[in-house]
Structures are given as structure tokens and as C-alpha cells.
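Accompanying notes for the structure given below.
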Amino acid sequence: MDTPFHFSIETPSGVFIEGDDITAVEVATSVGKLGVLARHEPMVAACPPGIIRIRQGGEWVSFRTSRAILVTDGKTVKLLTPLARLAV
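Just so we're aligned, residue 9 is where the sequence shown starts under the numbering used here, counting upward by one.
This is the structure we're talking about:
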């Protein structure tokens with residue numbers, strides 16, 4: 009069974025989305041594609057503009073962001089970006 013963790017996308021205007029039932033995050037970084045699961049090694053990564061995918065409730069949800077910084081401490085994942093929106 010997938011272990012859920014806390015995830016948020018935060019912009020200068022405030023929290024764009026957050027949840028405690030996220031089981032995976034997929035994001036492109038400056039060095040390649042990255043998948044993050046619960047208990048991931050703590051890290052900080054630079055992300056170019058693009059699509060961020062999260063797995064929530066068994067479904068994948070996609071967001072488009074401008075450049076971003078991804079931060080995880082092994083318990084939470086936070087994406088800091090100037091601009092985010094739901095991708096369609």
C-alpha cells in the first residue's frame with residue numbers, strides 16, 4: 009500500500025494546493041525527472057517551468073508551474089513557485 013504524505017504548492021499569493029493524502033510526486037528538475045515517495049531522502053531541487061504530477065486518491069492530477077524549487081524533508085514535499093495552475 010502507498011504511504012501518504014503532505015504536499016503543497018505555494019506561490020507568493022499563498023497556498024495554491026495542499027493535501028495530506030498524496031502518495032507520489034513526479035517533477036522535472038534541472039538534472040532530470042524525479043519521483044518522490046514518502047520517506048524520500050531530504051533534498052532541495054531546482055525545477056524548470058513545466059508539469060508537476062501528484063498521485064492523490066489513486067488518481068494522477070497535473071499542474072503547470074513556472075520555475076520552482078522543490079523541498080522535501082522526508083515527511084513533507086513543498087513546491088515553491090511564482091505561478092501555478094491546474095493543467096488540462
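We put the CB at the ideal spot given by N, CA and C, even for glycine.
| field | Where Val39 falls: helix, strand or coil (DSSP) | value | Here residue 39 refers to the residue found at position 31 of the sequence shown. Val39 falls in the coil class under three-state DSSP.
| Can you find at least 3 beta carbon pairs, one from the stretch 44-53 and one from the stretch 21-32, that sit closer than 8 Å? | yes
| said: Could you compute how far the alpha carbon of Ile25 sits from the alpha carbon of Gly65? | reply: The residue labelled residue 25 in the question sits at position 17 within the sequence shown. The residue labelled residue 65 in the question sits at position 57 within the sequence shown. Looking at the two C-alpha atoms, the distance is approximately 15 Å.
| query | What do you reckon, are the CB atoms on Leu1 and Leu87 nearer than 7 Å? | reply | Outside the shown range of the chain, which is 9 to 96, sits residue 1, and nothing can be said about it.
| query | Which residue comes first and which comes last in the beta strand (DSSP E) that contains Val69? | reply | Within the sequence shown, the letter at position 61 stands for residue 69. 67-73 is the extent of the beta strand (DSSP E) around Val69.
| query | Taking Cβ to Cβ, would you say Val59 is nearer than 7 Å to Arg75? | reply | In the sequence shown, the residue the question calls residue 59 occupies position 51. In the sequence shown, the residue the question calls residue 75 occupies position 67. Checking the sequence, you will find Ile at residue 59 rather than Val. Not in contact: Ile59 and Arg75 (Cβ atoms no closer than 7 Å).
| query | Sorted by chain position, which residues of the same chain lie with C-beta nearer than 7 Å to Ala36's C-beta, five sequence neighbours on each side aside? | reply | Along the sequence shown, read from residue 1 onward, the residue named residue 36 stands at position 28. Within the same chain, Ala36 has close Cβ partners Cys55, Pro56, Gly58.
| request: In the DSSP assignment, find the beta strand (DSSP E) that holds His48 and state where it starts and stops. | output: Numbered from 1 along the sequence shown, position 40 holds the residue referred to as residue 48. Here His48 belongs to no beta strand (DSSP E), and DSSP marks it neither H nor E.
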